[in-house]
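Okay, structure first, notes after.
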Amino acid sequence: MSPRRLLIEHFFAGMFRSEMLSEAGIENYRTWLISAAAALFAFHTQFARLRARNFGQPSDELFVTAASFVTILLIVSLEWQSLFPGARDWQVLSPLPVRKSDIFVARLTALGMFLGIAMIAANLVPAGLYLSWRHWVAAIGAGSHAVLLAMALQGLCLLVLPRVFGFVAQALLLAVSIVSLPLLLHVPGLRALDRLEWLPPMWWVGVCDARYARLADLSWLSVKRSGSVVERGRFRPTGGDFQGMGSIDPMGC
Amino acid sequence: MLEVENLTKRYRGITALDNASFQIRPGEILGYLGPNGSGKSTTVKIVTGLIDPSDGIVKFHGRPVSEDPVGFKRRMGYVPEEPQLYGHLTGTEYLLFVARLRGIEYAMALRRAEDLMRLFQLYDARHSAMVSYSKGMRQRVLLAAAILHDPELLTLDEPFSGLDVNAAQLLRGLMQVFAREGKMILFSSHVLEVVEKVCSRVVILYKGKIVLADSIEKLRSSMAPDLEKIFAQATHREDAVPVAESILAAVRR
C-alpha cells in the first residue's frame, strides 16, 4: 500500500477516534454515542411532525437546508483540529519516509471523504421526505456552503488575530452552531420568511422553490466567493512546507 | 558515514547554529553536548529533516541528503526530545503504522510491532490508547518505532527523559549493541555520565558554535579527568556553588 493511501486511512480513521473521547476511555465513547442517538431521535421526531401535517411549505424547505447547514457547521467545528496538518502531524511524520505533499494531500482527501459522508448522512432524511433532486442539491449545497464559510472564517481570524486564530475560529463556529440548533426546531411553521432572507440557508431554498428563485443566485455566488477566499488564502502547500489552514508554525518561529 | 558540513540555521536574524561541521563513522556513537539553547536540537532537527538549514549540507554516505530525503529517512531512526505521538492509537497500532510507512509488509510489521511491545515491556498496555501512557511508556514506544526497520543511523535527542532505571539501562545496552553492529548514532544529551560511558567521541556546542570536538580519551588526557569538567571548561560554566549561594542570598534579601 502506498504511503499516501496509508496516510489517508490514518487521517480518516483519526476523525472517528478523537483523543478527547479516548482519554477517559470507553465511557466517553458511550456518552458520545448516546448523545448522537439522542440528536438523531430529536431530528427524527421533528421530521415525523413535519410529515404529519401539510408538509412542503417554504418553512419546511428552509428547515431542511438549515438542518444541513447547521449539522455540517457543527461537525466542522467539532473536528476542527483534525481537518488540516498540524504541528503534531509535522513532528510525527516528518522524520518518516513520507513526502510532505503526501501528508497534505492525504489530510485533504480524508477531510473530503469525511465531509462527503457527513453530508450524505445529514441529508438522508430530507431526501426521503422530498425525493426531489432539487431539494437534495439545495441541502448538499447548504452543507458545502457551511464548510466553505468555516474555512473563510478561519482565514478572516488569521488576518485579524493571527496568534489565536485557531482557537477563536473554533469557538465562534461552535457557538454559532450550538445556538443555531435549538432555533432550528422553531423553523417549521414560520410564516414570514421574507424577513429571513439574509440567512444563508434561506438562499438555498431559492434553489428548490420557485417562489424564492431570486435568492438562488445569491447562494451560488456566496459559494463562489467563499471558495475564492479559501483558494487565495494559505490553503495550499507553499515552498515545500505544508502550512495548511489550522496548522501551527511547528518551530514556533 | 554521516557528514555535517558548515550547518547554519538562522531564525529571523538570530543565529541558532553557526557553521557546525562533524562526522559520524559507522560503529560510532557521537555525543552531542551543549547547554540549553546551544543549538543541539536545531542540529538534530536539520539532520532528521524536520527543518531546513539556512546554510550548509548534510551528507549520508557521500550524497547530500537533500537529493533524496525520503530515501535517507528510510535508513534513519529518530527519537525526539518530546514524545509526540498520535494519542488515539494504541502502541501496537502506532508501531504498525510507522512500519507500514517505512515500507515493511503487513505481516512482518505486525510481528515486529508485537515483539517490540513485549521487549519494551509495553505488552500489557498494547490495547490501550497511548493518550493514557506515561511519559516513559511513550518514550519506549518512540524508541521501538525508531529501530523497528533496523536503521543505519539512529538520531537520539534526549532519549533518556522520562525513562525509569530499567528502561534507561536497556537503551544504553541497545546503543552499544547498535554501534557494535556498525551503525551510527547521533546522541544529543545533557546526561554526561551516560555520554561518558557509551560515546567514543563528543562534540560540544556553545552559543551555536562547536567549541570542542574530539575523542573522550584525548579530551581526558589533554583537559580534565572527567567529562563534566571538560564540559564546564568548554562552555565557560561558572562554579555552581557560588552561583547557588548568590541565588539564595537574592531570595533572602
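Which chain is which? The protein sequence lines are A and B, in order. My numbering applies: residue 13 is where the first sequence begins, and numbers increase by one. My numbering applies: residue 430 is where the second sequence begins, and numbers increase by one. Every residue gets a Cβ at the ideal spot worked out from N, C-alpha and C, and that includes glycine.
- The CB of R531 (chain B) comes closer than 8 angstroms to the CB of L108 and P109 in chain A, given here in chain order.
- B:H665 is the residue among B:H665, B:R454, B:P512 and B:I458 whose C-alpha sits nearest the C-alpha of Y635 (chain B).
- DSSP places E73 (chain A) in the helix class (H, G or I) of the three-state scheme.
- Sequence-ordered contacts of the stretch 525-551 of chain B with chain A read F526, V527, R529, L530 and R531 [C-beta pairs closer than 7 angstroms].
- Residues of chain A with a Cβ closer than 9 angstroms to the Cβ of T521 (chain B) do not exist; the shortest Cβ-Cβ separation is about 14 angstroms.
- Annotated three-state conformation of E457 (chain B) is coil, per DSSP.
- Within its own chain, the residues whose Cβ lies closer than 8 angstroms to the Cβ of N435 (chain B), once the five positions on either side in sequence are excluded, are N448, A449, S450, D484, G485 and I486, listed in chain order.
- For T472 (chain B), DSSP records no beta bridge to any residue.
- Inter-segment contact for the stretch 116-129 of chain A and the stretch 16-27 of chain A is present: three or more beta-carbon pairs are separated by less than 8 angstroms.
- In this structure, L551 (chain B) lies near R569 (chain B), with their beta-carbon atoms less than 8 angstroms apart.
- For E646 (chain B), there is no enclosing beta strand (DSSP E); the residue is found in the alpha helix (DSSP H) stretching over I645 to S651.
- Scanning its chain for C-beta atoms nearer than 6 angstroms, with the 5 sequence neighbours on each side dropped, one finds around E657 (chain B) the residues L621, in chain order.
- I576 (chain B) is not bridged by DSSP to any residue.
- If you look at K658 (chain B), you'll find it isn't in any beta strand (DSSP E); it sits in the alpha helix (DSSP H) that goes L656 to A663.
- Under the Cβ criterion of 8 angstroms, K488 (chain B) is not counted among the residues facing chain A.
- Look at K112 (chain A) here: in three-state DSSP terms it is helix.
- When beta bridges are read from the DSSP output, K488 (chain B) appears opposite B:E432 and B:P493.
- Distance from the CA of P588 (chain B) to the CA of S557 (chain B), rounded to the nearest whole angstrom, comes to 23 angstroms.
- Between W210 (chain A) and A150 (chain A) the beta-carbon gap is near 17 angstroms, outside 8 angstroms, which marks them as no contact.
- Your pair A162 (chain A) and I20 (chain A) does not check out as a contact, with CB atoms roughly 21 angstroms apart and the cut at 8 angstroms.
- Within the stretch 473-504 of chain B, those residues whose Cβ lies closer than 7 angstroms to any Cβ of chain A are, in chain order, T477, G478, L479, I480, V499, K502 and R503.
- The C-alpha of N595 (chain B) lies about 14 angstroms from the C-alpha of L572 (chain B).
- When beta bridges are read from the DSSP output, A642 (chain B) appears opposite B:V632.
- The secondary-structure analysis by DSSP pairs Q452 (chain B) across a beta bridge with B:E432.
- In this structure G218 (chain A) is buried. Its beta-carbon is surrounded by 16 or more other beta-carbon atoms within 10 angstroms.
- Looking from the CA of I639 (chain B), the closest CA among B:T437, B:E646 and B:M430 belongs to B:T437.
- Around the Cβ of K502 (chain B), a 10 Å sphere holds 16 or more other Cβ atoms; the residue is buried.
- Taking a Cβ-Cβ threshold of 7 angstroms, the residues of chain B close to H22 (chain A) are F526, in chain order.
- With contacts defined as CB atoms closer than 8 angstroms, A134 (chain A) and T83 (chain A) qualify as a contacting pair.
- V117 (chain A) is outside the set of residues whose beta carbon lies under 8 angstroms from a beta carbon in chain B.
- Taking a beta-carbon distance threshold of 8 angstroms, Q103 (chain A) counts as an interface residue toward chain B.
- The straight-line gap separating the alpha-carbon atoms of S629 (chain B) and Q598 (chain B) is approximately 18 angstroms.
- Excluding five sequence positions before and after R16 (chain A), the CB atoms of its chain that fall closer than 6 angstroms to its own CB belong to D114 and A118, given in chain order.
- Below the 7 angstroms Cβ cutoff, chain B contributes no neighbours of P97 (chain A), its closest Cβ being approximately 13 angstroms away.
- Per DSSP, I480 (chain B) lies in no beta strand (DSSP E) and is assigned neither H nor E.
- Against chain A, a Cβ distance below 8 angstroms from P509 (chain B) picks out Q103 and P107.
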